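Only one structure is covered here, and it is reproduced in the block below.
Numbering (our numbering), first residue to last: 967 to 1002.
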């Protein structure tokens, strides 16, 4: 797939962290909005 292993892994980690942060923020806002 990717020839540059470290680069692809770094990109994967960055995307995963970004996605997790986005989901966490969305759940936090959604949960707070539902509770209020």
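Positions of the beta carbon are idealized from the N, C-alpha and C atoms, including for glycine. Predicted model, so just to flag it, every value in this text is computed and none were measured.
In angstroms with no decimal places, state the Cα-to-Cα distance between residue i and residue j.
i           : j            : result
residue 983 : residue 1002 : 28 Å
residue 992 : residue 999  : 10 Å
residue 972 : residue 985  : 20 Å
residue 974 : residue 987  : 20 Å
residue 989 : residue 997  : 12 Å
residue 995 : residue 981  : 21 Å
Classify residue i as helix, strand or coil using the three-state DSSP reduction.
i            : result
residue 980  : helix
residue 1002 : coil
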